[in-house]
Amino acid sequence: MHSGKRILAAGLATAVSTAALTVAGMTVPAQADAQGTVDCDGWVHNNDPDVGIAGCQNNTDHTVTFRAEIVCGWAPDISGNWVTLNPGQYGESTGSCAFYSTGVGSVGWTIQ
């Protein structure tokens, strides 16, 4: 049962993350065209299907703050920790779905 949960969560996360990346990829660069971009990616932890991770690279000339936005199956969605990045820095924000969830469905991010 647990491996089926992992496979389903990974498949859903990949499909939804790809769609989220496409949408986010169109909006984030539009905000930061003149100063570079913040490049982010979201994925499910390799060994724990209840953990979602968003990683961002700050390619702008100013400080940015972001956090992971994680969709959890059969449990409330959660937000990861806020991470502040100086120009040129990379960082990750993580969050864990409740034990009774069906795992991470998708991972997105919010940038301030």
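Just so you know, we're using this note's numbering here: the sequence shown kicks off at 460 and counts up by one. For glycine and all other residues, C-beta sits at the position ideal for the given N, C-alpha and C.
Check your understanding: What number of angstroms, rounded off, separates the C-alpha of P508 from the C-alpha of C515?
Key -> Along the sequence shown, read from residue 1 onward, the residue named residue 508 stands at position 49. Along the sequence shown, read from residue 1 onward, the residue named residue 515 stands at position 56. Taking the straight line joining both Cα atoms gives about 20 angstroms.
Practice item. With distances taken Cα to Cα, identify the nearest neighbour of Y549 among V510, H504, N518, V503. Key: By one-based count along the sequence shown, residue 549 stands at place 90. Cα-wise, what sits closest to Y549 is N518.
Practice item. Indicate, with yes or no, if the ligand ADP has a heavy atom lying under 7 angstroms from the CB of T561. Key: You won't find the ligand ADP in this model; it holds no ligand whatsoever.
Review point. To the nearest angstrom, how far is it from the Cα of C499 to the Cα of A534?
Key: Looking up residue 499 in the sequence shown gives position 40. Looking up residue 534 in the sequence shown gives position 75. Their Cα atoms are separated by approximately 25 angstroms.
Review point. With 16 as the cutoff for other CB atoms within 10 Å, does W568 come out buried or exposed?
Key: The count along the sequence shown starts at 1 and reaches residue 568 at position 109. Buried is the call here.
Exercise for review: State the DSSP-derived secondary structure class of C556, mapped to helix, strand or coil.
Suggested key: Numbered from its first residue, the sequence shown carries residue 556 at position 97. The answer is coil: DSSP assigns C556 none of H, G, I, E or B.
Review point. Could you check where the beta strand (DSSP E) with W533 kicks off and where it finishes?
Key: Locating residue 533 in the sequence shown gives position 74, counting from the first residue. No beta strand (DSSP E) holds W533; DSSP gives it neither H nor E.
Check your understanding: Since D498 sits in a beta bridge, which residues does DSSP pair it with?
Key -> Counting from one through the sequence shown, the residue named residue 498 turns up at place 39. Answer is Q516.
Check your understanding: Mapping DSSP to helix, strand and coil, what is T569?
Key -> For the purposes of this step, residue 569 is identified with residue 110 of the sequence shown, where counting begins at 1. Strand.
Point to revise | G532 beta carbon less than 8 angstroms from that of T566 | key: Residue mapping note: residue 566 aligns to position 107 of the sequence shown, counting from 1. Residue mapping note: residue 532 aligns to position 73 of the sequence shown, counting from 1. Looking at the sequence itself, residue 566 is Val, so the reference to Thr does not match. For V566 and G532, no; Cβs fall outside 8 angstroms.
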